[in-house]
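Undergrad:
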Amino acid sequence: MNRPRISPLLRMQFLGVLMLLGLGALAARLWWVQVARGAEWTARIRGSSEATVRIPSIRGEIRDRNGASLVQNRASYEVDFYLPEMVKGYRQRYGQPPLTIYRGNVSGMPKNLKEADIVKIVNDGIVPRLDDLDLARDYNAGQLQKHYRTNTEVPYTYIKDIDFPTMAKFSEHDVGLPGVDIAIKPVRSYVYGALAAHLLGYVGPPDDTNKEEARKFTFYQSDVDGKSNVEKIFDQYLRGKPGVRYLRRNAKGTIDGVLREDPPMQGANVYLTIDARIQAIAEEAIRSVARGAAVVVDPNNGDVLAMVSVPSFDPNTFIPSIKAKDWAALQKDEARPLVNRALSTFPPGSTFKIVTSLAGLRRKLSTARFNCSGGVSYGDHYFRCWIAEKGGAHGTLGLIDAIKVSCDSFFYQYGNAAGIDAIDQTGNALGLGKETGIHLTGEQPGIMPGPEWMAIHYPRERWSQAYTANVSIGQGYVLASPLQMAMAYATVANGGVSYYPRLVSKVLNQDGSMALDENGKPVVPAEPKIDSDLRQDFSPDQIELVRRGLWKVVNEDGGTGGRARLKGVEVAGKTGTAQASTNGKKDTIAWFCCFAPFDHPKYVVVAMVQGGEHGGSVACPIATRILDRSLGMDAGTFEPQVAWLAPAHHPNPFAMVKDVTFKDAEPNASTDEEHGDDSQTADTQMAAAGDDPDVEQAPDA
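Take 499 as the starting number for the sequence shown in this note's numbering and just add one per residue.
1. By alpha-carbon positions, which one of Thr664, His892, Asp1132 and Arg557 ends up nearest to Gly1056?
2. Tell me whether Pro1149 counts as near the ligand MG, meaning its Cβ is closer than 7 Å to at least one heavy atom of that ligand.
3. Please give me, in chain order, every unbroken run of the alpha helix (DSSP H) with length at least 4 that falls completely inside the region 789–838.
4. Please go through the same chain and pick out, in chain order, the residues whose beta-carbon is closer than 8 Å to the beta-carbon of Pro1026, but skip the five residues on each side of it.
5. What is the residue span of the alpha helix (DSSP H) that Leu1125 lies within?
6. Check whether the Cβ atoms of Arg1046 and Ile898 sit closer than 8 Å, and answer yes or no.
7. Would you kindly report the start and end of the unbroken beta strand (DSSP E) that includes Ile680?
8. For His696 versus Asn838, is the C-beta distance shorter than 8 Å?
9. What is the rounded straight-line gap between the Cα of Ile599 and the Cα of Ala614?
10. Quick check on the DSSP output: the beta strand (DSSP E) that includes Tyr965 runs from which residue to which?
11. From Pro703 to Leu828, what does the alpha carbon distance come to, in whole angstroms?
12. I need the DSSP call for Thr934, collapsed to helix, strand or coil.
13. My output table needs one value for Ser855: the three-state DSSP class, helix, strand or coil.
14. Whole angstroms is fine: what's the gap from Thr894's alpha carbon to Pro1119's?
15. Just how far apart, CA to CA, sit Asp1132 and Asp629?
16. So, Phe1093 versus Tyr975, is the Cβ gap smaller than 8 Å?
17. Classify Arg958 as helix, strand or coil using the three-state DSSP reduction.
18. Thinking C-alpha only, which one of Leu770, Leu693 and Gly890 is nearest Ile779?
19. Decide if Ala666 is buried, meaning its Cβ has at least 16 other Cβ atoms within 10 Å, or exposed.
20. Taking DSSP's pairing of strands, which residues face Cys1092 in a bridge?
21. Count the other C-beta atoms from every protein chain shown that fall within 10 angstroms of the C-beta of Arg746, then say buried if there are 16 or more, exposed otherwise.
22. By Cβ distance below 7 Å, which residues in the same chain neighbour Gln441 in space, the five residues on each side in sequence not counted?
23. Is it the case that the Cβ atoms of Gly699 and Ser555 are separated by a distance below 8 Å?
24. Below 6 Å CB to CB, which residues in the same chain sit around Thr939 once its five sequence neighbours on both sides are set aside?
25. Decide yes or no for the touch test of the region 817–825 against the region 674–691: beta carbon pairs closer than 8 Å, at least 3 of them.
26. Compute the beta-carbon to beta-carbon distance between Leu1048 and Thr989, rounded to the nearest angstrom, for a pair I have assumed lies under 8 Å.
27. Any contact between the region 1150–1162 and the region 1105–1118? By contact I mean 3 or more CB pairs, one from each, below 8 Å.
28. Thinking C-beta only, is Ala900 closer than 8 Å to His973?
29. Assign Phe662 to buried or exposed, taking buried as 16 or more other Cβ atoms, counted over all protein chains shown, within 10 Å of its Cβ.
30. First and last residue of the alpha helix (DSSP H) that includes Pro1038?
31. Strictly by DSSP, which residues pair up with Arg561?
32. Could you name the residues that DSSP lists as bridge partners for Asp1031?
33. Classify Met499: buried if its beta carbon has 16 or more other beta carbons within 10 angstroms, exposed otherwise.
34. I need the DSSP call for Gly1113, collapsed to helix, strand or coil.
35. Could you pull the DSSP bridge partners for Val604 from this structure?
36. Name the one or two DSSP bridge partners that Gly873 has.
Structure below.
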């Protein structure tokens, strides 16, 4: 069978198509090599190479519950020295670089070693040119030489956070110096200065360079680390993904251009339960004293709406670094502005009487009555009631009226009738004597003392009724933080549910999706977490007895919290005045814990003042102002201003505060004052500050 023959014309057409396809492919490849990736391939010619620089990731923002940004990022310009490039440039221009001798270890043996004298190279070859442009700065020579010896893969920052005119001067002139570059980095900006500083925390360079990761790059610029509080707790989610800058080296080995750049990605945004408006209200109120704290929580879910501590600091001071003298001044300040007093623990005084009250109700003492003749004796010690200092006595009282007038004699006897075990059990159920779970830096757990605690800490002592009497009024060894007391009062306010405090409501990725933990679950659970439920051990009527006593403290004549009365709103609360020891010196601690509205509580407010003479005249007005303005904000009668705040600092932080009055506040009812018992005082436990920030060493003299 004869096969059909392909015509010569068809063959020519087929070959023509193949040739066109080949030429097209060749043209496309040439375009890809010479145009699309021309700069990159140029770097690969003989004598050229590529260098990589790790670009730090961009941290996510920290926002309040309404989405207001509290922590953002801003562009920071800095002058970086790529020290190995400087040595290469010096060698090409002048020959052998100068050497310096230092003492090092080789195989564990001390030995004199040589290295390039980077200080001389900078001073002779770099600084004169910078000086011509009025861009030279003093620097620490020892720090520079050490950086070259131990951290060559990381650029040395010569000038941090330069202003725009200086940056423009660098850009306008061809500096012409190998290894000198301007870097643009995102740095933290704490939008409102000292507002919420003790919550937000601060950032700084890592303690150690990740050597394994650094080996992947020619030059390594690390991310900053969260050093305290929210910045530290949620560091892994706030961090983004780093970028890479690809640099071209010329035939001489020096960098002469950028090939391309993979930009860094921003991390997740952290949303707090804090309301910036209420935070601003609390900041203004607590600044009427030198040393103190205030906490506002939602009793219905445990959300922390505000947390303030004074004196305070501005975390922007640490960005990008803090001068050594300024850091030393902060550390030496006896008022300790870096300490979060809301997480520090103090004797709670009479505010603790809600614990003793519930402990007695646990032991069926709801109808018990005890007489106050001015004091009670236990062993060889006579425990006075505060009213005895005025020459008075409270007479025979039941629980509600004992809370109202804060009768110490009643609670000495009532507490002993309940027993220390019941007091400890109740305190633990209310969240005292243990960390709250808020995970902020340096939180102190406080102390709920008892026989077992004493056997550990004071083995030569034996627990007695005298110790129980002191614990019953919040003195002795009892220690609690303002946050713990806020959560305890929230439990009473809401009818018996003890929530863990919640500071973060959600963590969202940049696309709006929920950030997930290593188990694939949302970083922050949607539902509030319950610590304990007193309704399993107490009837609603029993809890209402305590609530009613707190109502009388404020709303009936003779109560110690009359200055907390507000028009149109029923407030319940408790004053407290306790004796303590701070750094070996006697200190008086004034407290006021309150909630409102009474029937449907929305806010629990706790104010604590170190050096406050009385709870009713010092802490009560502060807490009341916070409560009044927060409720006014909800009603539309008060509009809080959230603005930048300077650090709170008082010229005489250890002066006794006798009274706090706000000029625009309406006068409230006078207050019968209680005094702390000084028969036994505990040492306050101050919260630890965060990790050290980046401290900028002083330049050489």
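Every residue gets a Cβ at the ideal spot worked out from N, C-alpha and C, and that includes glycine.
These numbers were taken from a predicted model, which means no experiment stands behind them.
TA: Reading off the structure:
1. His892
2. The ligand MG is not among the ligands present in this structure, which contains no ligands whatsoever.
3. 822–830
4. Asn799, Gly800, Asp801, Tyr997, Tyr998 and Arg1000
5. Run containing Leu1125: Cys1118 to Ala1133, per the alpha helix (DSSP H) assignment.
6. yes
7. Val678 to Tyr688
8. In this structure, Asn838 lies closer than 8 Å to His696 by Cβ.
9. 9 Å
10. Looking at the DSSP string, Tyr965 is not in any beta strand (DSSP E); the run it does join, the alpha helix (DSSP H), is Gln963 to Ser970.
11. Roughly 19 Å separates the two Cα atoms.
12. coil
13. Ser855: helix per DSSP, three-state reduction.
14. 30 Å
15. 59 Å
16. no
17. Here DSSP, grouped into helix, strand and coil, assigns Arg958 to coil.
18. Leu693
19. exposed
20. According to DSSP, which records beta bridges pairwise, Cys1092 is partnered with Gly1071 and Val1103.
21. In this structure Arg746 is buried. Its beta-carbon is surrounded by 16 or more other beta-carbon atoms within 10 angstroms.
22. Outside the modelled stretch of the chain, which goes from 499 to 1199, sits residue 441, for which no answer is possible.
23. no
24. Ser726, Asn727 and Gly1188
25. yes
26. Contact doesn't hold; Cβ gap of about 12 Å is too wide.
27. yes
28. Checking the sequence, you will find Gln at residue 973 rather than His. Ala900 sits away from Gln973, with the two beta carbons spaced by 8 Å or more.
29. exposed
30. Pro1038 to Asn1053
31. Ser567 and Tyr769
32. DSSP links Asp1031 through a beta bridge to Val995.
33. Summary for Met499: the model assigns pLDDT 49, below 50, so the residue's position carries little reliability, and this model does not support an answer.
34. helix
35. In the DSSP output, where bridge partners are listed per residue, Val604 has Met607.
36. Arg882
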